[in-house]
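Heads up, the thing below is written out as structure tokens.
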Amino acid sequence: MRFILPVSLALVLTIATVPMRAGQSATGQAQVTFAKDVAPILQKNCQACHRPGSIAPMSLLTYEDARPWARSIKQKVAAREMPPWFIDKNVGVQHFSNDVSLTDTEIAAIVKWVDTGAPQGNPADMPPAREFPDLNRWQFGEPGLVVSLPKDLVVDASGPDRWPDFLVDPGLKEDRYIKGVQIIPTKGFAVIHHIRTSLVAPTDESRHTGQVDGPDGPPKDEQGVFLNEYAIGKGADVFAEDAGRLIKAGTKINVSFHVHSNGTQTPTNVALGLKFHPKGYVPKHVVVSAQVRYPEIDIRPNTANVRLDGYLILPKAARLLSYQPHMHDRGKSACIEAIYPTKTGVLNAQMLNCARFFFNWHLNYVYRDDAAPLLPAGTVLHTLQWYDNTAANKFNPDPDAQITYGQRTIDEMAGAWLSYYLMSDDEYKREVEQRRAPPTVISSR
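Mapping of the sequence shown onto numbering that gives the first Met the number 0: position 393 corresponds to residue 392, and the numbering continues sequentially without gaps.
Written out as structure tokens, the structure reads:
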């Protein structure tokens, strides 16, 4: 019998800014300083959010910015709560194109820096200030189509987080294949937590009112099929030359926001840019986004470690491109497993990934090209998700409630978005052999 255990959640630690005495490094060990050791880590992994005008509550650009938060920084990185990346480091594939996590060495450096008094070090050791990309620049050149909201979304100065949805007609008159997609916030960048876009086919749009302002938007059959997601620091999604995503004539686009107040009434809008393949071009690989879900949710009050499962059968060989689990406040952790076809009757399964889950962070884990799982025809993709409906879950609004499927945050969902493309058996075999081949070493004389 094969047992699959849920990923344990790291202890959630309270932010504290207790002052510390300036300390010295441990005897016989090199001193870790902000200027030489910590600043480069913050630049690479944290400052995209932690800078003036961005979404994080404090800036970490300078020593003066970071020093009051030293203990909080230690707590968050040691618990792997920050930067937000929740893939289990001990399970499955570990190579992703959008990985913002810290290495064990980087975490150890930050912990040691704090434990030894958080010294500044020699200011001359500071790296040059990071230059941030222009948020208003299209990374794939001028798009063929740009879509925005017909009027601004106004976020109040105070109030709870909101999840408004808007259905926008891009006026597409013919079928096209998308080569790249990018979201650029044109107004209100600092109040946007994330944005998710979906393609709504003409036959699916009849019940969508055009705007829905709720915790999870309209029902999924009205939200359409997942297109892409924006979060701070993310750029364009660009497919390979021989791959693309079909958008059919008459398709509308559902734009789903997660916004939060920042003390100032803020008008917000975005530009969604689509870069197309040339007219008439049909890519070899058509990218598919499929939602694997379990709608029959029934979670009893005051129960923990409730597991729900979903399944997707691949009719042909495939390359898995990304994995994005989705739950609500009681979601705890998620896994994806590949169950391979076998003629022996013996279970042949491999856990591809596991991740902790936090509703405030809808992370899409995008596999690096050389690590994207290659799956033979007949593979069953098995999604597993765990829930904690007890008072021990600090995000749980009511542990005494019986929980069923629903769009509200206080209800639950059990699903995952999977992006992949299908391939022939011959292509699958070639790619598998290329992965197995030893790297070519070129010697110079």
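Think of the CB as a built atom: it goes at the ideal place given N, C-alpha and C, for glycine as much as any other residue.
query: Using 8 Å as the Cβ pair cut-off and three pairs as the minimum, do the region 125 to 136 and the region 150 to 163 touch?
result: no
- prompt: Any idea if ASN89 is buried or exposed, counting beta-carbon neighbours within 10 angstroms, 16 or more meaning buried?
  reply: Looking up residue 89 in the sequence shown gives position 90. Exposed, since its Cβ has fewer than 16 Cβ neighbours within 10 Å.
field: Closest residue to PRO324 among GLY179, ALA47, ALA415, PHE225 (Cα-Cα distance)
entry: Translated into positions along the sequence shown, residue 324 becomes position 325. When each option's Cα is compared against that of PRO324, the closest is ALA415.
- prompt: Counting Cβ pairs, one atom from each stretch, are 3 or more of them under 8 Å apart for the region 190 to 202 and the region 249 to 267?
  reply: yes
field: Beta-ladder partner(s) of HIS49, from DSSP
entry: Walking along the sequence shown from the start, residue 49 turns up at place 50. For HIS49, which the question treats as bridged, DSSP gives no partner whatsoever.
- prompt: When we look at the beta-carbon of GLN74 and count the other beta-carbons within 10 Å, is it buried (16 or more) or exposed?
  reply: Here the question's residue 74 lines up with position 75 in the sequence shown. Label assigned to GLN74: buried.
field: Beta-carbon gap between THR250 and LEU144 smaller than 8 Å
entry: Along the sequence shown, one-based indexing puts residue 250 at 251. Along the sequence shown, one-based indexing puts residue 144 at 145. No, they are not a contact pair.
- prompt: Does DSSP classify GLU432 as helix, strand or coil?
  reply: On the sequence shown, position 433 is the one that residue 432 refers to. The answer is helix: DSSP assigns GLU432 an H, G or I state.
message: Across the region 84 to 98 and the region 115 to 132, are there enough close Cβ pairs to call them in contact, namely three or more that are closer than 8 Å?
response: no
- prompt: Out of curiosity, what's the CA-to-CA distance linking PRO282 and ASP87?
  reply: The count along the sequence shown starts at 1 and reaches residue 282 at position 283. The count along the sequence shown starts at 1 and reaches residue 87 at position 88. The straight-line gap from Cα to Cα measures roughly 34 Å.
message: Could you compute how far the alpha carbon of PRO314 sits from the alpha carbon of PRO201?
response: What you label residue 314 is simply residue 315 of the sequence shown in a count that begins at 1. What you label residue 201 is simply residue 202 of the sequence shown in a count that begins at 1. Taking the straight line from one Cα to the other gives about 26 Å.
field: Among LEU101, VAL99, VAL113, ASP98, the one whose alpha carbon lies nearest that of ALA65
entry: Counting from one through the sequence shown, the residue named residue 65 turns up at place 66. Nearest of LEU101, VAL99, VAL113, ASP98 to ALA65, Cα basis: VAL113.
query: If we ignore side chains and look at the alpha-carbon of each, how far apart do VAL345 and SER321 end up?
result: Residue 345 sits at position 346 when you count from the first residue of the sequence shown. Residue 321 sits at position 322 when you count from the first residue of the sequence shown. Using only the alpha carbons, I get a separation of about 28 Å.
query: alpha helix (DSSP H) containing ASP387: first to last residue?
result: Stepping through the sequence shown from its first residue, residue 387 is reached at position 388. Here ASP387 belongs to no alpha helix (DSSP H); instead the beta strand (DSSP E) covers 379 to 388.
- request: Alpha carbon to alpha carbon, how far is HIS284 from PRO340? Give it in angstroms, no decimals.
  value: The sequence position of residue 340 within the sequence shown is 341, counting from 1. The sequence position of residue 284 within the sequence shown is 285, counting from 1. Rounded to the nearest angstrom, the two C-alpha atoms are 23 Å apart.
- prompt: Which one of PRO300, PRO372, PHE165, PRO184 has the shortest CA to CA distance from ALA317?
  reply: On the sequence shown, residue 317 is found 318 positions in, with the first residue counted as 1. Looking at the Cα atoms, PRO372 is the closest of the given residues.
field: Cβ neighbours of ALA38 in the same chain (closer than 7 Å, five flanking residues each side left out)
entry: Stepping through the sequence shown from its first residue, residue 38 is reached at position 39. Closer than 7 Å at the Cβ level, and outside the excluded window around ALA38, lie MET125, PRO126.
Other residues of its chain near TYR310: CB distance less than 8 Å, five sequence neighbours each side excluded: The residue given as residue 310 occupies position 311 in the sequence shown. Excluding sequence neighbours, TYR310 sits near VAL291, VAL379, LEU380, HIS381, THR382.
Enclosing alpha helix (DSSP H) for ARG306 [first to last residue]: Stepping through the sequence shown from its first residue, residue 306 is reached at position 307. Element bounds for ARG306: not the alpha helix (DSSP H) but the beta strand (DSSP E), 302 to 312.
message: Can you list, in chain order, the residues of its chain with a C-beta nearer than 7 Å to that of SER229? Leave out the 5 residues immediately preceding and following it.
response: Locating residue 229 in the sequence shown gives position 230, where the first residue counts as 1. The identity of residue 229 in the sequence shown is Tyr, whereas the question assumes Ser. These residues qualify, in order along the chain: ILE182, HIS193, ILE194.
message: What would DSSP say about TYR280, mapped onto helix, strand or coil?
response: For the purposes of this step, residue 280 is identified with residue 281 of the sequence shown, where counting begins at 1. Reduced to three states, the DSSP call for TYR280 is coil.
- prompt: Beta-carbon separation of ILE246 and TYR386 under 8 Å?
  reply: Walking along the sequence shown from the start, residue 246 turns up at place 247. Walking along the sequence shown from the start, residue 386 turns up at place 387. Not a contact, by the Cβ cut-off of 8 Å.
task: Along the alpha helix (DSSP H) that carries ASP164, what are the first and last residues, could you check?
output: Indexing the sequence shown from 1 puts residue 164 at position 165. Premise fails: ASP164 lies in the beta strand (DSSP E), 163 to 167, not in any alpha helix (DSSP H).
query: If you run the structure through DSSP and keep just helix, strand and coil, what is SER71?
result: The residue given as residue 71 occupies position 72 in the sequence shown. SER71 falls in the helix class under three-state DSSP.
query: Taking the beta strand (DSSP E) that THR104 falls in, what are its first and last residues?
result: One-based indexing of the sequence shown puts residue 104 at position 105. Where THR104 is concerned, there is no enclosing beta strand (DSSP E), although the alpha helix (DSSP H) it sits in stretches over 103 to 114.
- request: Report, in whole angstroms, the separation of the C-beta atoms of ASN363 and ILE335, which I expect to be a contact under 8 Å.
  value: Taking the first residue of the sequence shown as position 1, residue 363 is located at position 364. Taking the first residue of the sequence shown as position 1, residue 335 is located at position 336. Not really, about 13 Å apart at Cβ, beyond 8 Å.
message: Beta-carbon within less than 7 Å of VAL431's beta-carbon, same chain only, minus the 5 sequence neighbours each way: which residues are those?
response: For this step, residue 431 is matched to residue 432 along the sequence shown. Answer for VAL431: LEU373, listed in chain order.
Anticipated Cβ contact below 8 Å, ALA235 with SER147, distance rounded: Here residue 235 is taken as the residue at index 236 of the sequence shown, counted from 1. Here residue 147 is taken as the residue at index 148 of the sequence shown, counted from 1. About 17 Å separates the two Cβ atoms, so there is no contact after all.
- request: Compute the distance between the beta-carbons of GLN384 and ALA333, then report whether it is under 8 Å.
  value: Locating residue 384 in the sequence shown gives position 385, counting from the first residue. Locating residue 333 in the sequence shown gives position 334, counting from the first residue. Yes, they are a contact pair.
message: Could you compute how far the alpha carbon of THR61 sits from the alpha carbon of ALA354?
response: Taking the sequence shown and counting its residues from 1, one reaches residue 61 at position 62. Taking the sequence shown and counting its residues from 1, one reaches residue 354 at position 355. Computed Cα separation, rounded: 32 Å.
Sheet register partners of TRP416 (DSSP bridge): What you label residue 416 is simply residue 417 of the sequence shown in a count that begins at 1. Beta-bridge pairing links TRP416 to GLN290, GLN323.
field: Contacting residues, own chain, Cβ-Cβ under 6 Å from ILE312 (five flanking each side not counted)
entry: Residue numbering aside, residue 312 sits at position 313 when the sequence shown is read from its first letter. Around ILE312: VAL379.
query: What did DSSP end up calling LYS178 once you bin it into helix, strand or coil?
result: Within the sequence shown, the letter at position 179 stands for residue 178. Residue state, collapsed to three classes: strand.
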